[in-house]
Amino acid sequence: MHVKNWIKFNNRLLPNIDKKMENDSSEKKINNIWGGRFSSSTDGIMEEFNSSIQFDKILYLEDIEGSLAHSEMLSKQKIISNKDFELIKTGLNQIKDEISKNEFTFSMKLEDIHMNIENRLVEIIGDPGKKLHTARSRNDQVATDIKLWLRKEIDEIDLNLLSLQKSLIEKAEMYYDLLMPGYTHLQVAQPITFGHHLLSYVEMLGRDRGRLADCRKRLNESPLGSAALAGTSYPIDRDFVARKLKFDKPTDNSMDAVSDRDFAIEFMSASSLIAIHLSRLAEELVIWSSDRFNFIKLPESFTTGSSIMPQKRNPDAAELIRAKPGRIFGNLFSLMTVLKGLPMTYGKDMQEDKEPIFDTVKTIKLCLIIMTGMVKKLEPIPHKMMEALQNGFPTATDLADYLVTNLAIPFRDAHHFTGKVVLLAESKSCSLENLTLEDIRTVIPNADNNILNVLKIENSVSKRTSYGGTAPKNVLMAIKKAKLKFLGNKK
Ligand code: ARG
Numbered sequence: 074m075h076v077k078n079w080i081k082f083n084n085r086l087l088p089n090i091d092k093k094m095e096n097d098s099s100e101k102k103i104n105n106i107w108g109g110r111f112s113s114s115t116d117g118i119m120e121e122f123n124s125s126i127q128f129d130k131i132l133y134l135e136d137i138e139g140s141l142a143h144s145e146m147l148s149k150q151k152i153i154s155n156k157d158f159e160l161i162k163t164g165l166n167q168i169k170d171e172i173s174k175n176e177f178t179f180s181m182k183l184e185d186i187h188m189n190i191e192n193r194l195v196e197i198i199g200d201p202g203k204k205l206h207t208a209r210s211r212n213d214q215v216a217t218d219i220k221l222w223l224r225k226e227i228d229e230i231d232l233n234l235l236s237l238q239k240s241l242i243e244k245a246e247m248y249y250d251l252l253m254p255g256y257t258h259l260q261v262a263q264p265i266t267f268g269h270h271l272l273s274y275v276e277m278l279g280r281d282r283g284r285l286a287d288c289r290k291r292l293n294e295s296p297l298g299s300a301a302l303a304g305t306s307y308p309i310d311r312d313f314v315a316r317k318l319k320f321d322k323p324t325d326n327s328m329d330a331v332s333d334r335d336f337a338i339e340f341m342s343a344s345s346l347i348a349i350h351l352s353r354l355a356e357e358l359v360i361w362s363s364d365r366f367n368f369i370k371l372p373e374s375f376t377t378g379s380s381i382m383p384q385k386r387n388p389d390a391a392e393l394i395r396a397k398p399g400r401i402f403g404n405l406f407s408l409m410t411v412l413k414g415l416p417m418t419y420g421k422d423m424q425e426d427k428e429p430i431f432d433t434v435k436t437i438k439l440c441l442i443i444m445t446g447m448v449k450k451l452e453p454i455p456h457k458m459m460e461a462l463q464n465g466f467p468t469a470t471d472l473a474d475y476l477v478t479n480l481a482i483p484f485r486d487a488h489h490f491t492g493k494v495v496l497l498a499e500s501k502s503c504s505l506e507n508l509t510l511e512d513i514r515t516v517i518p519n520a521d522n523n524i525l526n527v528l529k530i531e532n533s534v535s536k537r538t539s540y541g542g543t544a545p546k547n548v549l550m551a552i553k554k555a556k557l558k559f560l561g562n563k564k
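Residue 74 is where the sequence shown starts when you use the working numbering, and the numbers rise one by one after that.
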């Protein structure tokens, strides 16, 4: 919301949303769109409360696109003349121009983008402009506009997700065999490769893209022609309009069409999962770049300094991404709450759908773009990763497995012996790798030389070749597959 000035109401100052908004506080003219039934004008504060133009003007392109398709259909069906259609088309294109050049004066009195545009159309072309709204209502119009807008945004977000996948895959390829600790409970668990870790996010983002595609598919039906709620008696051609607007088909039930916002909730649920995934990666970046871990160096372009502590380099970008699910979940809950228990069909409540949708789109896009920038430029610090590995006894599972396979010790006992070896290393303040055969024989008398290889971190990783495992050769294979699956190429 862009607050440029303030209005006084009941001795309190309230924001007056936009400077470019007509500010007619004199004796109110009766609203000329629905004023026929009204004998007095709307209170100024009601106008502000009722209007959505402050935020729905973002839909102007889609509103005009929908009106063009609708009026072309009206003319094709001989509901309006071809001449009127041509005039409407010229007028709408002029309005598009005016808005894009910021030369359009939006009026809160005209409530929303639909009436602002229609009113201007009548100003420009006169009476033929009054025919545009034949066989249409703002109810089917607004549903169409949001669908058109969101469909475009879903396609953009899909591209943003793809770019992030691409940068993760590229990093994974550079570091397919870089050893680092893998964690459970944020305790060192087993050695993994950095490449394998990064690819886990590529999978999550792949599912996110699938969810968006699914939502887009269900969204892609045209509400136009459902009119207010019951359809219309004019001989319209809904298929024609649907085709023009690249919808798969018209919606099947006019009441459902004007009251459905499932697609927005689906979109915001899918976005919530994207936000969850991004926040997990963001948290790892915060942890990895912290002094204690020091596994990675974040690019200066995405970190900030402190105003008081000169030594600081704070991971603000990652922290903000970690925090954004707050508003993304909030937006989802806000719309779910608005729709819950709403009787059929349209209720003005539904005007509350827009800000959460717009905010979710903006936030998700920003987070994806920023995260991609960070991933592209982050640099791992291999010796710090190795240091952490050596302190964490991460090859203990390998030792237990070795005892099972080679010394025929049952796994539970092997687990117990291994625990004792770990204790021994701990008491000697050394890593498992640095124990000697003699040391190990104090716990496992029949241990042979091979056991020393088992304790080596590289060996632990290179042996994890089960499908989906972390062995560098698997990671290389997984990269190839991910490129094919997500980036559509073999390189
Ligand atoms: N600005 C309204 C909205 O966003 C448009 C639809 C208005 N329809 C109505 N019957 N008042 O929902």
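Ideal Cβ positions, reconstructed from N, Cα and C, are used throughout, including at glycine.
- The DSSP assignment places no complete beta strand (DSSP E) segment of no fewer than 3 residues inside the segment 192-236.
- The Cβ atoms of L134 and L165 lie no closer than 8 Å to each other.
- Sequence-distant partners of S299 (beyond 5 residues in either direction) whose C-beta falls short of 6 Å from its own C-beta, in its chain, are D213, S327, A330 and V331.
- Beyond the five residues adjoining it in sequence on each side, V261 comes within less than 6 Å, by CB distance, of P254, G465 and P467 in the same chain, given in chain order.
- Contact between K493 and V516 holds: their C-beta atoms lie close to 5 Å from each other, under 8 Å.
- Apart from sequence neighbours up to five positions away, the residues of its chain that approach Y248 with a beta-carbon distance below 8 Å are T266, F267, G268, L271 and P453, ordered along the chain.
- Linking A498 to T543 through their CA atoms gives a straight-line distance of about 26 Å.
- In summary, K204 is buried, with 16 or more beta-carbon neighbours lying within 10 Å of its beta-carbon over all protein chains present.
- Inclusion of L358 and L346 in the CB contact set at 8 Å is not warranted, their separation being larger than that value.
- K225 and N479 have their alpha carbons spaced roughly 60 Å apart.
- In this structure, I172 sits away from S144, with a CB-CB distance that is not shorter than 8 Å.
- Annotation for T266: the continuous beta strand (DSSP E) segment containing it runs Q260 to T266.
- Taken in chain order, the unbroken stretches of alpha helix (DSSP H) that lie wholly in the segment 447-511 and span 4 residues or more are 455-464, 469-480 and 484-500.
- Of the residues assessed, H456 falls on the exposed side of the cut-off, its CB having fewer than 16 other CB atoms within 10 angstroms.
- In the three-state scheme derived from DSSP, where H, G and I count as helix and E and B as strand, E294 is classed as strand.
- The three-state reading of DSSP puts N387 in strand, counting E and B together.
- Taking 8 Å as the cut-off, the beta carbon of I227 is found closer than this to the beta carbon of F340.
- DSSP links M253 through a beta bridge to I265.
- A straight-line Cα-Cα distance of about 50 Å links K529 and K290.
- The three-state secondary structure of T377, taken from DSSP, is strand.
- Residue environment for G139: buried (at least 16 other C-beta atoms within 10 angstroms of its C-beta).
- DSSP, read as helix, strand or coil, puts I437 in helix.
- With 16 or more neighbouring CB atoms inside 10 Å of its own CB, R282 falls in the buried class.
- Looking from the CA of L141, the closest CA among T207, R110 and M181 belongs to T207.
- K322 has E294 as its beta-bridge partners, per DSSP.
- Burial state of F111 is exposed, judged by a 10 Å Cβ sphere holding fewer than 16 other Cβ atoms.
- With distances taken between CA atoms, G199 lies nearest to D157 out of D157, T491, H187 and N233.
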